[in-house]
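Asks: First the structure, which I've put down as structure tokens, then a few questions once you've had a look.
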Amino acid sequence: MSAPNSSERKACWDSRDLLWKCLDDNGDKAESCLKFQGEFESNCPAQWVKYFSKRRDYLQYKAKMETEGFKPAEGPKQPS
Amino acid sequence: MLGLRCIVGDVVCGGLLRRTCLRPPPLPQLTQRCFLSKGGSGSSARLKLRTRLLVSLLFGGSLLAGCRFVYLEKQQRQRQIRLDQLRKVSLGQGTFSLLDQTGRRRTKRDFLGRWVLLYFGFTHCPDICPEELDKLSSAVSALDQDPLLPPVQPLFITVDPQRDDVPALARYVQDFHPRLLALTGTPEEVQHAGRDYRVYASAGPKDDDGDYIVDHTVLIYLVSPDGLFLDYYNRSKSEEKIVESVKNHIRNHKGLDQ
């Protein structure tokens, strides 16, 4: 299987951006963006779909860390 | 005679002044006085003035010369320290022998005498490699615009030799800078080339269709004409920053051969 060329890459990135925008606008409800999800999956290799989904999680986590900062989990209430 | 000395002195000092730290205030005045005294008679006042002028010229000249010597010494020492540091890093000191996208064998030696911007990646890379190669390509194009700079060679070495054979690379390079050379080889050859630059690469799990993603070091390396690793640029470095840095390195490098 040959790697996507530049126009295929662009098509994949564009549909990814549309899906991400839809998810942003709809509070990350996947069912609101099924159309975009379908286009994203048909325009990108399966491995890239997985990769970009993980990447979105990572970017969201990063954004959260940058805006809210890191909150350590609460430890045991009673010191043992 | 005095007139000549003054002119010579002026030229020498003028040349020195441009790059020295000291600017002796009496110089401009001195030149004026020289012209005034040109062709004058040898009265004792004039003689005194002449002696004073000579003394201050000699004194100022030697001060400037000393200053310049210290400055050059310091520069030379700094260059030597930088070179020693680079040698100690010992990045990319080894050789490589790989095939380019036309099937021609290229070794590290072929790139000696040329400035190289080097990136490791793979053609099935979802976003980072094409973005970095785009950045690298536009940086090289921007450097091409400067007629005073030697051409910089963009170079891509795959970290995925299983899939990136010569035809795959030939397809891939079409999307980037026209001078981009892409290199591949046996897994051992590729690994050897990467190890010299301490490149980390690890293939992820395979999909049902056999597709996989290679996690790898994302750095653009700048290699000098003498094959030394000089600098690296990570994801956060913009095209403009890279261009600026490469220009500085090329400019300063002229001194390294001295």
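Protein chains in written order, with our numbering: chain D, 44 to 123; chain W, 103 to 360.
Note that CB positions come from ideal geometry on N, CA and C, so glycine has one too.
List, from N- to C-terminal side, the beta strand (DSSP E) runs of 3 residues or more that fit wholly inside the stretch 192-217 of chain W.
Replies: Complete beta strand (DSSP E) runs here, min 3: 199-201, 207-209.
Asks: If you scan the stretch 320-350 of chain W from start to end, which runs of the beta strand (DSSP E) of 3 or more residues do you find wholly inside it?
Replies: List check, beta strand (DSSP E) in window: 322-325, 331-335.
Asks: Hey, does H226(W) have any beta-carbon neighbour from chain D nearer than 7 Å?
Replies: At least one chain D Cβ lies under 7 Å of H226(W).
Asks: For chain W, is any of its Cβ atoms less than 7 Å away from the one on A46(D)?
Replies: Yes - at least one Cβ of chain W is within 7 Å of the one on A46(D).
Asks: So is Q90(D) in contact with chain W if we call contact Cβ pairs under 7 Å?
Replies: For Q90(D), the answer is yes, since a Cβ of chain W falls inside 7 Å of its Cβ.
Asks: Excluding the 5 residues preceding and the 5 following T286(W) in the sequence, name in chain order all residues of the same chain whose CB lies nearer than 7 Å to its CB.
Replies: L200, L201, T260, P263, D266, D267, V268, L271, V292, listed in sequence order.
Asks: Among residues of its own chain, excluding the 5 on either side of A46(D), which ones have a beta-carbon nearer than 6 Å to its beta-carbon?
Replies: Result list for A46(D): empty, nothing under 6 Å.
Asks: Quick one: is Y104(D) near chain W, going by C-beta distance under 7 Å?
Replies: So no, Y104(D) is outside the interface.
Asks: Return the residues of the stretch 312-342 of chain W that lie within a Cβ-Cβ distance of less than 9 Å from chain D, sorted by chain order.
Replies: The stretch 312-342 of chain W vs chain D, Cβ under 9 Å: G312, D313, Y314, I315.
Asks: Using the rule of at least 16 other Cβ atoms within 10 Å of the residue's Cβ for burial, across every protein chain shown, is Y104(D) buried or exposed?
Replies: When all chains shown are included, Y104(D) counts as exposed.
Asks: Less than 7 Å between CB atoms is the rule here; does D262(W) satisfy it with respect to chain D?
Replies: Not one chain D Cβ lies under 7 Å of D262(W).
Asks: Opposite P115(D) in the DSSP bridges: which residues?
Replies: Partner(s): none; P115(D) has no beta bridge.
Asks: Taking the CB atoms as reference points, tell me whether Y221(W) and I322(W) lie closer together than 7 Å.
Replies: It is a contact, given that the beta carbons lie within the stated cut-off.
Asks: Rounded to the nearest angstrom, what separates V325(W) and F258(W) at their Cα positions?
Replies: Near 13 Å, if we compare the C-alpha coordinates of F258(W) and V325(W).
Asks: May I have the straight-line CA-CA distance separating E175(W) from L219(W), to the nearest angstrom?
Replies: Going by the C-alpha atoms only, they are around 31 Å apart.
Asks: Strictly below 7 Å CB to CB, what residues from chain W border S49(D)?
Replies: Within 7 Å Cβ-Cβ: D277.
Asks: At a Cβ threshold of 7 Å, is L62(D) touching chain W?
Replies: Not one chain W Cβ lies under 7 Å of L62(D).
Asks: Run through DSSP, which three-state label would S49(D) get?
Replies: In this structure, S49(D) counts as helix in the three-state DSSP scheme.
Asks: Please report the straight-line C-alpha distance between L66(D) and A106(D), rounded to a whole angstrom.
Replies: So the two alpha carbons sit approximately 15 Å from each other.
Asks: With R52(D) and F83(D) assumed to form a contact (beta carbons below 8 Å), what rounded beta-carbon distance in angstroms separates them?
Replies: No, R52(D) and F83(D) are not in contact; Cβ-Cβ is about 13 Å, not under 8 Å.
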